[in-house]
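Everything below concerns the one structure shown next.
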Amino acid sequence: MVKIGEFLSFNKRYLDRLLSGRKNVTIRVGKVEVKPGKTVFIECGGKVVAKAKIVDVKYKRVSELTKSDAVKDGFRSRKELLKALKRHYGQLSPNTKVTIIKFRVTKRFKEKLPPEEARLGGYKPVEIARYALAYQIN
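In this text, residue positions in the sequence shown follow our numbering: the first is 1, and each later residue adds one.
Okay, here's the thing in structure tokens:
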């Protein structure tokens with residue numbers, strides 16, 4: 001079992017789908033542990049592009065995936081989804097377990113942020129230091 005930390009990572013080819021809202025589900029091979037309500041950063045191509053809240057988590061086998069699952073994941077068909085899953089994970093069997101994670105983007109960042117800046121609320125470390133000095137925060 002894999003646990004989702006503070007980042008949900010995507011290949012950069014999915015950036016437009018993520019930011020447009022066409023992709024609000026991700027299907028991951030294996031059992032992924034994440035609870036609805038958890039807030040995560042959406043990382044795409046090495047940069048944090050948004051913040052999201054996990055809405056729902058379901059478990060299926062590859063053979064149970066539907067066209068509806070594919071469309072929610074930003075694909076036009078089940079066949080296209082399966083092709084992408086095989087590209088990312090290698091060979092899959094009909095019995096391979098998958099986790100369907102539904103999320104809702106709650107904030108899009110105007111600038112793509114490195115992960116360390118996202119953790120700091122979008123501020124650069126030097127900006128935080130300036131505020132701390134200006135307001136004598138220890």
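A virtual CB, placed ideally from N, CA and C, is assigned to each residue, including glycine.
Can you look up Asp56 in the DSSP assignment and give me helix, strand or coil? Numbered from 1 along the sequence shown, position 56 holds the residue referred to as residue 56. Looking at Asp56 - three-state DSSP - the assignment turns out to be strand.
The alpha helix (DSSP H) with Ser20 in it runs from where to where? Taking the first residue of the sequence shown as 1, we reach residue 20 at position 20. Segment 15–20, the alpha helix (DSSP H) holding Ser20.
Limits of the unbroken beta strand (DSSP E) element including Ser9: As a position in the sequence shown, residue 9 is number 9, starting the count at 1. Per DSSP, Ser9 belongs to the beta strand (DSSP E) from 7–10.
Are Glu33 and Lys3 closer than 7 Å when you measure CB to CB? The count along the sequence shown starts at 1 and reaches residue 33 at position 33. The count along the sequence shown starts at 1 and reaches residue 3 at position 3. Yes, these two residues count as a Cβ contact at 7 Å.
Assigned secondary structure, Arg78 (DSSP; H/G/I helix, E/B strand, else coil): Here residue 78 refers to the residue found at position 78 of the sequence shown. Here Arg78 sits in helix by DSSP.
What does the Cβ neighbour count give for Lys86, buried or exposed, with the cut at 16 atoms within 10 Å? Counting from one through the sequence shown, the residue named residue 86 turns up at place 86. Exposed is the call here.
Which residue from Ile100, Lys53, Glu64 puts its Cα closest to that of Gly74? For the purposes of this step, residue 74 is taken as residue 74 along the sequence shown, with counting starting at 1. Checked all of Ile100, Lys53, Glu64; the closest Cα to Gly74 is Ile100.
With distance defined between alpha-carbon atoms, name the residue in Gly21, Thr26, Asn24, Lys53 nearest to Pro36. Your numbering for residue 36 matches position 36 in the sequence shown. Of Gly21, Thr26, Asn24, Lys53, the residue nearest in Cα terms is Lys53.
Going by the DSSP bridge assignment, what does Ile27 pair with across the sheet? Counting from 1 along the sequence shown, the entry for residue 27 is found at position 27. In DSSP, Ile27 forms a bridge with Ile100.
Buried or exposed: which applies to Thr26, given that a residue is buried once 16 or more other Cβ atoms fall within 10 Å of its Cβ? Here the question's residue 26 lines up with position 26 in the sequence shown. By the neighbour-count rule (16 or more Cβ atoms within 10 Å), Thr26 is buried.
Could you work out which residue in Leu65, Val71, Thr106 is closest to Ser93 when comparing CA atoms only? Residue numbering aside, residue 93 sits at position 93 when the sequence shown is read from its first letter. Out of Leu65, Val71, Thr106, Leu65 has the C-alpha closest to the C-alpha of Ser93.
Grouping DSSP H, G and I as helix and E and B as strand, with all else coil, what is Lys107? Within the sequence shown, residue 107 is the residue found at index 107, counting from 1. It is a strand residue.
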